[in-house]
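Novice: Protein chains in written order, with the numbering used here: chain P, 1 to 362; chain U, 1001 to 1362; chain B, 2001 to 2362; chain X, 3001 to 3362.
My questions will all concern the structure given below.
Number of protein chains: 4
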Amino acid sequence: MPGNTFGLLFRVTTFGESHGPALGAIIDGCPPGLPLEESYIQEELDKRRPGKAPGESPRKEPDRVSILSGVFEGKTTGMPITLVIYNKDAKPSAYETLKELFRPGHGDCTYLWKYGLRDWRGGGRSSGRETVARVAAGAVAKKLLESWGIEVLAYTIALGGVRAQKRDYSVIYKNRLFCPDLQAAEKMEERIKEVRAKGDSVGGIVEIVARGVPAGLGEPVFDKLDAELAKALMSIGAVKGVEIGAGFAAAEMLGSEHNDEIIPEGFKTNNAGGILAGISNGDEIICRVAVKPIPSISKEQETITVRKTPTRIKVGGRHDASAIPRIVPVCQAMVRLVLADHLLRQLSLASFTKWKKYPFGK
Amino acid sequence: MPGNTFGLLFRVTTFGESHGPALGAIIDGCPPGLPLEESYIQEELDKRRPGKAPGESPRKEPDRVSILSGVFEGKTTGMPITLVIYNKDAKPSAYETLKELFRPGHGDCTYLWKYGLRDWRGGGRSSGRETVARVAAGAVAKKLLESWGIEVLAYTIALGGVRAQKRDYSVIYKNRLFCPDLQAAEKMEERIKEVRAKGDSVGGIVEIVARGVPAGLGEPVFDKLDAELAKALMSIGAVKGVEIGAGFAAAEMLGSEHNDEIIPEGFKTNNAGGILAGISNGDEIICRVAVKPIPSISKEQETITVRKTPTRIKVGGRHDASAIPRIVPVCQAMVRLVLADHLLRQLSLASFTKWKKYPFGK
Amino acid sequence: MPGNTFGLLFRVTTFGESHGPALGAIIDGCPPGLPLEESYIQEELDKRRPGKAPGESPRKEPDRVSILSGVFEGKTTGMPITLVIYNKDAKPSAYETLKELFRPGHGDCTYLWKYGLRDWRGGGRSSGRETVARVAAGAVAKKLLESWGIEVLAYTIALGGVRAQKRDYSVIYKNRLFCPDLQAAEKMEERIKEVRAKGDSVGGIVEIVARGVPAGLGEPVFDKLDAELAKALMSIGAVKGVEIGAGFAAAEMLGSEHNDEIIPEGFKTNNAGGILAGISNGDEIICRVAVKPIPSISKEQETITVRKTPTRIKVGGRHDASAIPRIVPVCQAMVRLVLADHLLRQLSLASFTKWKKYPFGK
Amino acid sequence: MPGNTFGLLFRVTTFGESHGPALGAIIDGCPPGLPLEESYIQEELDKRRPGKAPGESPRKEPDRVSILSGVFEGKTTGMPITLVIYNKDAKPSAYETLKELFRPGHGDCTYLWKYGLRDWRGGGRSSGRETVARVAAGAVAKKLLESWGIEVLAYTIALGGVRAQKRDYSVIYKNRLFCPDLQAAEKMEERIKEVRAKGDSVGGIVEIVARGVPAGLGEPVFDKLDAELAKALMSIGAVKGVEIGAGFAAAEMLGSEHNDEIIPEGFKTNNAGGILAGISNGDEIICRVAVKPIPSISKEQETITVRKTPTRIKVGGRHDASAIPRIVPVCQAMVRLVLADHLLRQLSLASFTKWKKYPFGK
């Protein structure tokens, strides 16, 4: 029945409910000697904080992180690192009306059916707010990956049907939607406004790219790097699909098109998304996730009460019109957690092999 | 560095190489008292056996399974169940020429870079042949699920650009491609022939549906049922994408379209694919996977030797033109493994709750 | 590298350093619906609090526990339960003098050699203070076990050479040493005073008995119930030996003496300590642990500095003269954690068997 | 419910029943590049083979091991290594009479109560024969440890009340009981004969010493090296107690006696048994286990049938009079598994620290 832990060597356990006292994470297995300060983690948390974009929830959470253990004199000690974020703006009373109802598209019903009771305050642990702990933990993974020159980017490539036409990484943090195409970003903002005005919500697609990843990460056969990425990303509430490299497009390609030919300088293409037979090949790792529209909408919908009486519902409250952009740093964090874990796994192995870290240079 | 084990309570470890002495699986955690015979497992294995369809490898492997432990007087005992399939038609010499080369799209390079050496005989453990052990283990999971009335279907819905137009489950086993649309199946067969003639290969899409799954399977937050399915399916060598329910289409939907409204009889639609907040909702579970074209093609491609000398390659040998249909029973097996594991997890919990197994009847 | 998690289904992760901001535990996998309040956990914590007995450390820690997650309206929800105890009386400066030294019998040297740095404030995570988190987590396990009528007792049977002559459970909480023999307890107290006066410390033996444990807990072959108990108890810093039932005495017995004969009413003796072939047999589970004398003594000892210069050391500070009685509730907690975990494991299995819970009645 | 896997990184799963088709082990996580041949493993297996000493079972099992996977051209490949030992001399019919009875001291009753059915052929999986798989797996660990200069010795220090008076390692393999004191060995042999003549059996004590172990193995706080050793050793069927270093004697020592003082050349004594705060300190690791007398005796005992009818039993069959010497290589194997696992764990960490492997030289 446990399920709140991720990773084998870089092992993260998260906790906390949307309207409980606090959320947080323990990282067990972070190597010692990494410089780590609260401000560094805070920076990542700030990226997923609500209240910036037009479609976002008005809930005001400063989301200040505190380190409770595992850091001494500014460095990690190898002991469990505990990160806590106290809830400040919890308004559980706002959810009283939802206590007896199942919101369509939400886990209200499945939590109740599974557990026999549920924390109905804002979805409890099934709330998107849970992801704040992932981002905090991901920041620690980021620190570890930096020491290896590994960088993970995440950005929006589609929202409400609008698609980014280019990948200009330099503008990702210059627009609220983390879109690598400023023109597309503008259209996306309009789309959000439009949809929000109708009391509706929209989905989108996030792409995550990892650069500088050495070859050799990932394990045969079940713990393939792509399998772990798929789990990590699909475990984010709003994600309904994950693809690696060419992804679903591969289903329509010929072998001769899809295969990445190899020349002495490296791979000619990257349909593999940087992973061959579950092991990183030194190329960029590329994933994409499909994000569903946020289920909390103020448009009226049919539903039932916990006693199966039919009724109608309009979800008010402080909700975003899209999980994007807030989900973007979450995807980034999850990919970091996977890479940190598999980097540590590979380091244990490396002392027995002549590890070709960057077969074609870095 | 280990990575060959799957599952928490219904725990499967597989082993074996394409041209080694044997492949197989141990299942640790199968409940006692289930009737189990070799013939039952054999039936599942026969579904992925080569040599039936036109595009398939001519390698002749009877794939006979032997049970080495865990079964007594025709019943499981609760002890580890060991299944072995001995390789009979291994021709490692056929691979001598590939010893010094990296085949594009294969794990040849990543295995060598990671491990410093590799079993070059037919890809060793990175071969598709590895999946025979998954299917054998999946058959044991099938037996467990049957006792709960859970059924898992898997079938081809696209191949080489041809798409099934309907879901007629009654014909799945009436065509070699496991396609639920006989007309589409014919076109797919033609497509394979055509592509094979050109020394090329094609990809496709497999859909997996689980029926009769009780509500309540899956754990917050990382071990969500969909996250586990994503990992299970993405861990299959040829899979490049996984989606649940509406999947990537959800990215273009409005909340009001995507949300499955609820009425006293159940969910009006199933965009969720039977999973809400990571927990099964009693509806059908629906997954789809993108299968890449098989990388072993006889068309000439650029590649390099293990010493980085550029060269050209035509992969001969006994290869299929598509991972479909052989991957279909493998997908089915992986979904069974996930459900068996999460059923056992939920059973532990159930004694503490008033478990609503089938909230809307079954 | 992680190692701060215990249990498969009732999974506890602890964190925190002796003089850091806080210590605590997350329990992932606690079933829902159990009534749980801070005061209930507090009661257990109070049992290991210093400042009561003559030989105990004068450090004044109220050890107030806060529940940060997993409890709603007074009941567990099935979500991770986070327990935090903030350090109030941390005086790291008292340890400045020990910064460059290795205290004999302590982990100072091994932590430094392993991690390359260490939190020298009172031993950091290697401090006995770490066990406060175990006791807090054990209190949650206690609640779970109570719902099954399982009770775990722990008490001192030897200290500094003085041995309890009887097992009068009714007096365990009537003396500061948790001794089931009041006369022996008095002698033990004298022994502590005597030893403390000399700047020395003493060891002892703690016995733990679990009553009402159903038959069937424990798994073949590595996760035997006794193996898990051995790990759980040996993981407590001061423990140097663990035995089950007859324990080391069994080494000198004949088979005909050691075997517990069976009659229709039950086992005639209990040399097995309630466990046969790693599985509980419905009888009382009996373990004993050897507790070493506390290494922090004010008697002068030889040691070296971190740079290997020889020196002499007298450990001052706020130290107990014996790990007993404080270790008693810790042993109790660890046995509870093992039983809670294996009870949940067995419950998953039980739905497939005709489980004989109490073969001879309870 | 699974429990047949041991280790985090060097992960061993065993399978098989006493009178089933085969026993064996899979090792997932063995590093690549280690030379490994069947004959090397066979050598270890031969040490626990019956039929040599007077008190031993007359069952004739050649115990030939076959490697089914994970080795290529004489070297490990990093893939799962599967070892199988086929049963040749299984005579299940000899156990027909025990089908309806519970043998005192055996797992017959607990297996039946837990699983609802049992493989009654020679105890099925609860048989001591299960340990053949541990020894096979331990041989692979031995190979890994050798590459680090780590050596594990195991020997008998007590049997039936006779104690070894010295530790002359050079004679361990010069007597059938693996005793480091030839005179004591003779007395032990006499003791066995004497006891066997009476249809009884005896217990004893085995000591295990690991030399050349680098400092730094073991993890705080639950996965301490001593905790893992305790679990590993207690998981052996006949073991009832485990101690490290001074062990139970520590309970009667003063701190000033027990503490190992440190001088620039190393530790002056080794009461710690080479482990401080759960982490190896570079000194010899010392464990001792209490072995109970074998429960299968031909002396008549009271017992009940599966239906609780009282009856009397004399266990005939092919049984040893003591688990010693056969358990000695099993203890050795288990300690090797623990060290191999923790060596790999530490290697992952080591790239982040200035690891002081042998702080006082080796």
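Even glycine gets a Cβ: it sits at the ideal position worked out from N, Cα and C.
For chain U, find out if any of its Cβ atoms is closer than 8 Å to the Cβ of K193(P); answer yes or no.
Specialist: Taking Cβ atoms only, chain U never reaches closer than 8 Å to K193(P), which makes this a no.
Novice: State yes or no: is the C-beta of D2320(B) within less than 8 Å of the C-beta of R2326(B)?
Specialist: Yes, Cβ-Cβ distance for D2320(B) and R2326(B) is below 8 Å.
Novice: Looking only at its own chain, which residues have a Cβ that is under 8 Å from the Cβ of E2146(B), when we skip the five neighbours before and after it?
Specialist: For E2146(B), where only same-chain residues beyond five positions count, there are no Cβ hits under 8 Å.
Novice: Just to check my reading of the structure: P31(P) and T76(P) have Cβ atoms closer than 8 Å, yes? What is that Cβ distance to the nearest angstrom?
Specialist: Correct: roughly 7 Å between the Cβ atoms.
Novice: Distance cutoff 8 Å, beta carbons only. Does K1091(U) sit that close to anything in chain X?
Specialist: Not one chain X Cβ lies under 8 Å of K1091(U).
Novice: For a cutoff of 8 Å on Cβ pairs, would you count F3352(X) as touching chain D?
Specialist: Of the protein chains in this structure, namely P, U, B and X, none is chain D.
Novice: Please report how far the alpha carbon of S2296(B) lies from the alpha carbon of A3136(X), in whole angstroms.
Specialist: For S2296(B) and A3136(X), the distance between alpha carbons rounds to 43 Å.
Novice: Nearest by alpha-carbon distance to G1116(U): which of P359(P), K354(P), P329(P) is it?
Specialist: Residue K354(P) is the option with its Cα nearest to G1116(U).
Novice: So within the segment 1123 to 1176 of chain U, which uninterrupted beta strand (DSSP E) runs reach at least 3 residues, ignoring any that extend past its ends?
Specialist: Whole beta strand (DSSP E) segments, 3+ residues: 1151 to 1159.
Novice: Please report the straight-line C-alpha distance between L1068(U) and F248(P), rounded to a whole angstrom.
Specialist: Spanning the two alpha carbons is a distance of roughly 40 Å.
Novice: Of the residues that make up the segment 1111 to 1138 of chain U, which ones have a beta carbon closer than 9 Å to any beta carbon in chain X?
Specialist: Within the segment 1111 to 1138 of chain U, the residues whose Cβ lies closer than 9 Å to some Cβ of chain X are Y1111, K1114, Y1115, G1116, L1117, R1118, D1119, W1120, R1121, G1124, R1125, listed in chain order.
Novice: Grouping DSSP H, G and I as helix and E and B as strand, with all else coil, what is L3101(X)?
Specialist: Of the three classes helix, strand and coil, the one that applies to L3101(X) here is strand, per DSSP.
Novice: Would the beta-carbon of A158(P) fall within 8 Å of that of G128(P)?
Specialist: Their beta carbons are not under 8 Å apart, which means A158(P) does not touch G128(P) by this criterion.
Novice: When you compare the CB of K2075(B) with every CB in chain P, is at least one pair closer than 8 Å?
Specialist: By this cut-off, K2075(B) is an interface position.
Novice: Whole angstroms are fine: how far does the CA of A133(P) sit from the CA of W1113(U)?
Specialist: Cα to Cα, the separation comes out at about 35 Å.
Novice: Could you spell out the range, first to last residue, of the alpha helix (DSSP H) harbouring L2349(B)?
Specialist: First-last of the alpha helix (DSSP H) with L2349(B): 2327 to 2350.
Novice: Can you name the residues of chain P whose CB is closer than 7 Å to the CB of D1226(U)?
Specialist: Those are M234, listed as they occur along chain P.
Novice: Inspect the CB distances between the segment 2226 to 2234 of chain B and the segment 2292 to 2308 of chain B and report whether three or more fall short of 8 Å.
Specialist: The segment 2226 to 2234 of chain B, when compared against the segment 2292 to 2308 of chain B, does not touch it at the 8 Å Cβ threshold.
Novice: With burial defined as no fewer than 16 other Cβ atoms inside 10 Å of the residue's Cβ, what is the status of A139(P): buried or exposed?
Specialist: By the neighbour-count rule (16 or more Cβ atoms within 10 Å), A139(P) is buried.
Novice: Cβ of G3216(X) within 8 Å of Cβ of S3280(X)?
Specialist: Yes, Cβ-Cβ distance for G3216(X) and S3280(X) is below 8 Å.
Novice: Enumerate in chain order the residues of its own chain whose CB-to-CB distance from V2315(B) is below 7 Å, with the five nearest sequence positions on each side excluded.
Specialist: Answer for V2315(B): R2103, S2296, I2297, S2298, listed in chain order.
Novice: Tell whether a beta-carbon distance below 8 Å holds between A154(P) and F178(P).
Specialist: Yes. Within cutoff.
Novice: Quick one: is P946(U) buried, meaning 16 or more other Cβ sit within 10 Å of its Cβ, or exposed?
Specialist: In the structure displayed, chain U extends from 1001 to 1362; residue 946(U) sits before or after that span and is not available.
Novice: Starting from S2111(B), trace the alpha helix (DSSP H) in both directions and tell me its first and last residue.
Specialist: With the sequence shown as reference, residue 2111(B) is identified as Tyr, and Ser is not the correct amino acid for it. That run of the alpha helix (DSSP H) goes 2108 to 2115.
Novice: Considering Cα atoms alone, identify which of T1303(U), S1170(U), P1180(U) is closest to R1163(U).
Specialist: Here the closest residue by C-alpha is P1180(U).
Novice: In three-state terms, what does DSSP make of A1227(U)?
Specialist: Three-state DSSP puts A1227(U) in a helix.
Novice: Okay, do the segment 3220 to 3229 of chain X and the segment 2003 to 2022 of chain B touch, 3+ Cβ pairs below 8 Å being the bar?
Specialist: Counting Cβ pairs under 8 Å, three or more are found: they touch.
Novice: Going by beta carbon distance, what residues of the same chain come within less than 6 Å of G2107(B), once the five residues before and after it are set aside?
Specialist: Here the set comprises S2126.
Novice: In chain order, what residues of the same chain have a beta carbon less than 6 Å from the beta carbon of E1243(U), not counting five sequence neighbours either side?
Specialist: The answer, listed in chain order, is R1288.
Novice: With 8 Å set as the bound, which would you pick, yes or no: does the beta-carbon of S3039(X) sit closer than that to a beta-carbon of chain U?
Specialist: No, S3039(X) does not count as interfacial toward chain U.
Novice: Could you tell me the alpha carbon to alpha carbon distance between I1041(U) and P1062(U), rounded to whole angstroms?
Specialist: Those two C-alpha atoms are separated by around 13 Å.
Novice: Kindly list, in the order they appear in chain B, the residues whose Cβ is closer than 9 Å to that of N3004(X).
Specialist: Going along chain B in sequence order, the residues near N3004(X) (Cβ under 9 Å) are E2219, P2220, V2221, F2222, D2223.
Novice: Which residue wins for smallest C-alpha separation from T131(P), given the options S235(P), K357(P), P35(P)?
Specialist: The option with the nearest alpha carbon to T131(P) is S235(P).
Novice: Quick check on DSSP: helix, strand or coil for V2221(B)?
Specialist: Looking at V2221(B) - three-state DSSP - the assignment turns out to be coil, as it is neither helix nor strand.
Novice: Applying the 10 Å Cβ sphere with the 16-neighbour rule, what's the burial state of E252(P)?
Specialist: Counting Cβ neighbours within 10 Å, E252(P) comes out buried, since at least 16 surround it.
Novice: Please determine, among V3084(X), G3003(X), E3265(X), the residue with the shortest C-alpha to C-alpha distance to G1078(U).
Specialist: Closest option to G1078(U), Cα to Cα, is G3003(X).
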